[in-house]
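Chains as they are written, first to last, in our numbering: chain R, 2 to 563; chain F, 2 to 563.
Note that CB positions come from ideal geometry on N, CA and C, so glycine has one too.
Okay, so here's the structure we're looking at.
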């Protein structure tokens, strides 16, 4: 079998390793700031691609990521495979049965959420295709159709993540949004598949266009009915007779690959087939949460970062950044989606603020839009300027979604004690042998970061402690105080291997002693943080693991991996 | 970026999907028969490659798995990446700290386990290189060195699996074998890397041979000391500050890819670098069992099957099967390894049977040997006949290992009730309302497969039941009987949603009623199966899940995924 030479293999390992490491690292940073990982992953690619590395060290870039030759071929094939797997996972998250149960409101929101941006996009693109970066095509419908579809698709994963962060996922509003996004995704992808059929055939593909479209719709209907039923019957057999989770993983992947091959063959892109298989499998009640999570980890920690980073390798994001176009696309996209979904919400009888929150939630585009745009670029439907504008629009709508909903509904992210604990306020081992000494020692640790004198903190916490002991039992103690002079909560943790007697109800000494300071004006903060700590350490195993931590990092690692 | 055409993408998805599906399916079948999965995975490749498909439908094979061109390039790159990841996992399983603690016996077994087969192999290959399928090379030492090393390496994963199956893993004997295999693996791969250095340089590689060997040894020493310490320090940070398990997965993979690039560049193969990183990471106490398992699933359910299946695509296993050579290789390999390790065991004061059991355990080669052979084939050190002989030897030694140890130590695999339960003896829902009726109904279900009259089974089980009720509480009842007229145990399960009163100590009705028949001569069988059922259903959640199963398949799926 023909294979790469030694130096090509070396480059392949280096290229994939660099892409993976940088994409993951930037993705983690993006998440740390509450943003979707895809933002960081693409940024990694932009740094490694023509936009930055190509300017600074063009030879290095050409050596690591050549645009032609065997290495380019192998890397782009990895990317194709990765994006197909990403769409498989996106499909798995589409829960059709639940979505259709949400009834009329969801359907109205979804229908108007497609119709309004579609109409706006189609109108704009028909009137002025050239100024929107459309490429002249034999078939004048293709660019307007594509542009309209690109504005209409929402990004289910981003929307779900935003709702979860705001604790809205399991509310009525959350379920309506998710259901609408599911229907929206499905409809959008089917429309897009039809457009791809139009392009593919115009581009000299084997099948006539009517055949491609008929096969696309027929295959979709087949997979979502007979295919779905067959998968539902096959899954228990696969689970029973193969090793777990390897068997089900391979089964899902193989189905997705075959379906991808079929849709690629009929002239729409491979990813559509993978997406359909995801929907068919994800809808089965035999698909356990754990299996879904395993496939999800597997794909979103390795394949998705690789794919999104390679996007940055293809396009120069600075040279093709056209501020006017970016603004125009952003305005049309937001206006269409927010107005469409918001009005649908109002008509369905939602309160005003809730209806607009639905609009902003559905407005998030994220990864899906970017994939769509990339395909359009590869098929020659849009130029690089338009692609960059679509990417910016996708990221900007995702970024604004969370804060806008938070504002409209006056929701706050629940506060977590880990946000206020740092390496400097992690005291281990705690030297103090008694309650009094422990509080003093932790007050000293908190003094630098709060800007208060240790004595002030100590006095306030001890005054509270004297009223009633804060030992909660189970090796935990939670001394706390409200102080008018601090702006944000501050938490110190002392780990005492020998334990300190805190008069706990169970008579056990405390090994994990948290000192919690909150602003006097912020009524809810203290209770939220106390509740968060109590809930986190309800688990005995975690308490023991945390007591064995010797540094702040080890402590966080114990929390994460438990 | 240059990419595949539509039809090439279609072929890529089809090829990968077919390889994955067939390899996993055959791997599962092999496991079902208690054999290593790699046996089935390679068989899938042999079926799809020149050996079978190439004979039956050469055009189809050429279309799906072309030997030249972009698709061949992409598939062989996938295989290269997959085998590097497989070696990463193999490295993760090498627990150096534990191995070195096993002390002198392990070191003796490991040292003689390398020295004796190495000496035998070296002698044979020096005397008659041509008749052993060696390829004439500028450097006459290369073939004997390779052949000697190929005979000396054990296969840690196969050995560990065999010991676990026989419940020997945590015994003294098991620990010695594992420790010896770990040292053996490590030493074997270092020797092999040096040989690759010799070949690579002889084959026109950039670096002089002394440089390659110095870099190999230096890099090995560096990764296993400073690298290992750095990883140990970095791991808690990665766990604490990235999402889990995606962060640690990407970290491990990226390190492995960089190290692979380095070793490929210095002229030994990429897999050696991945293996070293695996050893360095796997040895850290911060590497939790769960993280290891996640990486392992990820690799052994997708990448390993893909790689081993592609081996079958490269070689015609029938045309290159030389019975004399196969026999010769097998005899030299077994004689050297079993004698070396057995004698080492005897000298270290083991009992005779135990010492030979150690010999047979260490004799298992499995996947490692095959990878070694493939590299030698690609580097032109051996011909296809020798490669086939090595593969057969690797599989045969793995297959004989388990049964031989079982014989020597008179160990039996513990019997599991699921082995004796079938779809025909799964009765759901059980119609009977009382104890008497339930036993009669289950006796009827067991009659066809045991060849006994239902009345005979019923009478025996009821006689036992009348002495003392077999309701154990927790919704379980275990009526049973010994019968002189059956050969093997037989189990029926009745699932009663309403429950049947079995006079259980807790007063609860039984929902899962097992009727267990065992041969009168087989004293241990009844107790083993009863214990197995009781242990399996100790978990309340599983009992509830199993009670909801409506078919044998759903029942097995519940057991598997719990």
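With DSSP run on the structure shown, which of helix, strand or coil describes residue 484/F?
Strand, per DSSP.
At a Cβ cut of 8 Å, what residues of the stretch 292-326 of chain F count as close to chain R, listed as they run along the chain?
From the stretch 292-326 of chain F, only 292, 295, 298, 299, 301, 302, 303, 306, 311, 314 and 315 have a Cβ closer than 8 Å to chain R.
Close Cβ partners of residue 28/F (< 7 Å) along its chain, the five nearest in sequence each way excluded
The answer, listed in chain order, is 38, 41, 42 and 306.
With DSSP collapsed to three states, give me the class of residue 267/R.
DSSP places residue 267/R in helix when its eight states are reduced to three.
Using the beta-carbon of each residue, which ones in chain F are nearer than 7 Å to residue 10/R?
Here the neighbours are 81, 265 and 271.
Excluding the 5 residues flanking residue 411/F on each side, which residues of the same chain have their C-beta closer than 7 Å to its C-beta?
So the list is empty, once near-sequence residues are dropped.
DSSP state of residue 519/R mapped onto helix, strand, coil:
Three-state result, residue 519/R: strand.
Cα separation between residue 415/F and residue 260/F?
If I take the Cα positions, the gap works out to 42 Å.
Quick one: list the residues of chain R neighbouring residue 395/F, beta-carbon separation under 8 Å, in chain order.
Within chain R, not a single residue places a beta-carbon under 8 Å from that of residue 395/F; the smallest gap is close to 21 Å.
Taking 8 Å as the cut-off, decide whether the C-beta atoms of residue 21/F and residue 254/R are in contact.
The Cβ-Cβ distance between residue 21/F and residue 254/R falls below 8 Å.
Would you kindly report the start and end of the unbroken alpha helix (DSSP H) that includes residue 155/F?
Going by DSSP, residue 155/F is part of no alpha helix (DSSP H) at all; its letter is neither H nor E.
Classify residue 467/F as helix, strand or coil using the three-state DSSP reduction.
Reduced to three states, the DSSP call for residue 467/F is helix.
Buried or exposed for residue 468/R, going by 16 or more other Cβ atoms inside 10 Å?
Per the 10 Å Cβ criterion, exposed.
Since residue 334/R and residue 477/R are thought to touch, with beta carbons under 8 Å apart, how far apart are those beta carbons, to the nearest angstrom?
Contact between residue 334/R and residue 477/R does not hold, since their C-beta atoms are separated by about 49 Å, which reaches or exceeds 8 Å.
Which partner residues of residue 502/F appear in the DSSP bridge assignment?
Partner(s): 435/F.
Nearest-angstrom Cα separation, counted from residue 401/R out to residue 564/R:
With chain R covering only 2 through 563, there is no way to say anything about residue 564/R.
Cross-chain neighbours of residue 259/R in chain F, by beta carbon under 9 Å:
Near residue 259/R (Cβ distances below 9 Å), the residues of chain F are 14, 15, 18, 19 and 22.
Would residue 247/F pass as an interface residue toward chain R - the criterion being a Cβ-Cβ separation below 8 Å?
Between residue 247/F and chain R, the shortest Cβ-Cβ separation is below 8 Å.
Test item: CB-CB of residue 510/F and residue 495/F under 8 Å
No, Cβ-Cβ distance for residue 510/F and residue 495/F is not below 8 Å.
Backbone CA spacing between residue 382/F and residue 83/F [nearest angstrom]
Cα-Cα distance, rounded: 23 Å.
Less than 8 Å between C-beta atoms, sequence neighbours within five positions excluded: which residues of the same chain meet that for residue 526/F?
Result list for residue 526/F: 416, 490, 519 and 520, in chain order.
Measuring CB to CB, does residue 543/R end up less than 8 Å from residue 492/R?
The answer is no: Cβ separation not under 8 Å.
Check whether residue 154/F and residue 186/F have beta carbons under 8 Å apart
The answer is yes: Cβ separation under 8 Å.
With DSSP run on the structure shown, which of helix, strand or coil describes residue 491/F?
The answer is strand: DSSP assigns residue 491/F an E or B state.
Do residue 66/R and residue 304/R have their CB atoms nearer than 8 Å?
Contact flag unset, no.
In angstroms with no decimal places, state the Cα-to-Cα distance between residue 458/F and residue 444/F.
Taking C-alpha positions only, residue 458/F is separated from residue 444/F by approximately 6 Å.
Counting beta carbon pairs with one atom in the stretch 360-375 of chain F and one in the stretch 383-399 of chain F, are three or more of them shorter than 8 Å?
Yes: at least three Cβ pairs fall under 8 Å.
When you compare only the Cα positions, how much space is there between residue 314/F and residue 44/F?
Each residue's alpha carbon lies about 10 Å from the other.
Contact set between residue 75/F and chain B, taken where Cβ atoms lie within less than 8 Å:
Structure shown: chain B not included; protein chains present are R and F.
If you measure from the CB of residue 534/F, is any heavy atom of the ligand NAD nearer than 7 Å?
This structure lacks the ligand NAD, and indeed carries no ligand of any kind.
For the 8 Å Cβ check, are there 3 or more pairs between the stretch 113-129 of chain F and the stretch 339-354 of chain F?
The stretch 113-129 of chain F makes contact with the stretch 339-354 of chain F: 3 or more CB pairs, one atom from each, lie closer than 8 Å.
DSSP-derived helix/strand/coil call for residue 203/F
For residue 203/F, the pLDDT reaches just 48, beneath the cut-off of 50, and the residue's location in the model is therefore unreliable, leaving the point undetermined.
For residue 477/F, three-class secondary structure by DSSP
When DSSP states are grouped into helix, strand and coil, residue 477/F belongs to the strand group.
So is residue 561/F in contact with chain R if we call contact Cβ pairs under 8 Å?
Output row for residue 561/F: interface = yes.
Under a three-way DSSP split, which group does residue 381/R fall into?
In the structure shown, residue 381/R adopts coil according to DSSP, grouped into three states.
Going along chain F, which residues have a C-beta under 9 Å from residue 423/R?
By Cβ distance, chain F contributes nothing, its closest Cβ being about 12 Å from residue 423/R, past 9 Å.
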